Amino acid sequence: MTSNPLDRMASEPTNPDNLQALQHLIDVVASLRSPDGGCPWDLEQTHQSLIPYVIEEAYEVVDAIQSGDSRAIAEELGDLLMQVVLHAQIASESGQFAIAEVAEGIAQKLIRRHPHVFSDLTVTDMAEIHQNWEKIKASEKGEDLATTQKLSYKLKRYARSLPPLMAAMKISQKAAAQGFEWDNVEGVWAKFHEELAELHQAIDHESKENQEAELGDLLFTIINVARWHGLDPTAALQSTNRKFIQRLEVMENLSDRTLDNLAIAELDQLWQQAKNKLK
């Protein structure tokens, strides 16, 4: 008979190096937030002010993973872990919660949501595992399972938890799977041109609020074009960002002046040179 993982965890020795390293990080962050000799920048931070850094560090973890560099992955995971510890430190200072509650909370959640691992529940396939997960999750939140299975409920979760570009792709995929779809790709392209014309109209004659709404419609439609053609818009935009930066770097190396001191014609000439060099 296979032993219960919880029993094994209780009987197996804890790695003291792991605990010591984590405690060291906790102590360092607490020192940075100390009113007595702490860092002024860290002391100014709030949950709200740190939002961009959480997103940035998460993206840098993804970039490191994609690079395949294990040292870079470890470094970026450390930066992301620091954000978790810093948020917990800020919360602990006002008596909201501490890092122990964060760690124990996610540990208990994992145990609850994996009864096939941490109890005697038997499952037959991945579909059953996923079904159990959703049932337990709904129960935890005091929600009705039927509500959580509605398309609108799932799409709200994507819009809330994913970066906008990724969320739009996921929303588009899920809606299409439920039949909310064009008959053919020509219909998608027609919608793109319709939204482009509406954006032109809004920019020429309407408020900024309407302009942004029409821009959002156009972006969402081009993401649907990408989906129909099997393209990843996030990967495509990341590639374009890298390519643009590479070309600027070559331009700076080719020029004896900074780019802001060059005329448009000179910039265009350098751009073409950089483009040809990077082919």
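Take our numbering: the final residue in the sequence shown is number 353, and no numbers are missing along the way. C-beta: ideal position from N, C-alpha, C; glycine also. Quick caveat: nothing in here was measured; it's all calculated off a predicted structure.
Problem set entry | Three-state secondary structure assigned by DSSP to Q337 | Working through the sequence shown from its first residue, we reach residue 337 at position 263. With the sequence shown as reference, residue 337 is identified as Ala, and Gln is not the correct amino acid for it. Coil.
Problem set entry | Beta carbon of A271 nearer than 7 Å to that of N284 | Sequence index remark: in the sequence shown, residue 271 carries index 197 (1-based). Sequence index remark: in the sequence shown, residue 284 carries index 210 (1-based). The answer is no: Cβ separation not under 7 Å.
Exercise. Around the Cβ of P307, are there at least 16 other Cβ atoms within 10 angstroms (buried) or fewer (exposed)?
Worked result: Counting from 1 along the sequence shown, the entry for residue 307 is found at position 233. Around the C-beta of P307, 16 or more other C-beta atoms lie within 10 Å, and the residue is accordingly described as buried.
Exercise. From which residue to which residue does the alpha helix (DSSP H) around T221 run?
Worked result: Your numbering for residue 221 matches position 147 in the sequence shown. It spans 219 to 222 - the alpha helix (DSSP H) in which T221 sits, taken as one unbroken run.
Exercise. Should the stretch 332 to 349 be regarded as contacting the stretch 289 to 309, the criterion being three or more beta carbon pairs within less than 8 Å?
Worked result: Contact between the stretch 332 to 349 and the stretch 289 to 309 is absent, because fewer than three Cβ pairs lie under 8 Å.
Exercise. Given a threshold of 16 other Cβ atoms within 10 Å of its Cβ, counted over all protein chains shown, does Q163 qualify as buried or as exposed?
Worked result: As a first step, residue 163 is located in the sequence shown; it is residue number 89 there, counting from the start. Q163 comes out buried.
For this session: To the nearest angstrom, report how far apart L328 and K353 are at their CA atoms.
Result: Counted from its first residue, the sequence shown places residue 328 at position 254. Counted from its first residue, the sequence shown places residue 353 at position 279. So the two alpha carbons sit approximately 16 Å from each other.
Exercise. Tell me which same chain residues have a C-beta within less than 8 Å of the C-beta of M325, skipping the five on either side of it?
Worked result: The count along the sequence shown starts at 1 and reaches residue 325 at position 251. Take M325, set aside five residues on each side of it, and the residues of its chain with a beta-carbon closer than 8 Å to its own are L333, L341, L344, W345, Q347, A348, in chain order.
Problem set entry | CB of D157 within 7 Å of CB of E131, strictly | Within the sequence shown, the letter at position 83 stands for residue 157. Within the sequence shown, the letter at position 57 stands for residue 131. The question names Asp, but residue 157 is Gln in the sequence shown. Contact: yes.
Problem set entry | Cutoff 8 Å; reference A249; Cβ partners in own chain excluding five residues on either side | Residue 249 sits at position 175 when you count from the first residue of the sequence shown. Taken in chain order, the residues that qualify are L225, L229, E255.
For this session: Quick one: using the 10 Å Cβ neighbour count with 16 as the cut-off for buried, is A357 buried or exposed?
Result: Since the displayed the chain opens at 75 and closes at 353, residue 357 lies outside it and no answer follows.
Problem set entry | Alpha carbon of A212 to alpha carbon of L219, nearest angstrom | Counted from its first residue, the sequence shown places residue 212 at position 138. Counted from its first residue, the sequence shown places residue 219 at position 145. Straight through space, the alpha carbons of L219 and A212 are spaced by roughly 6 Å.
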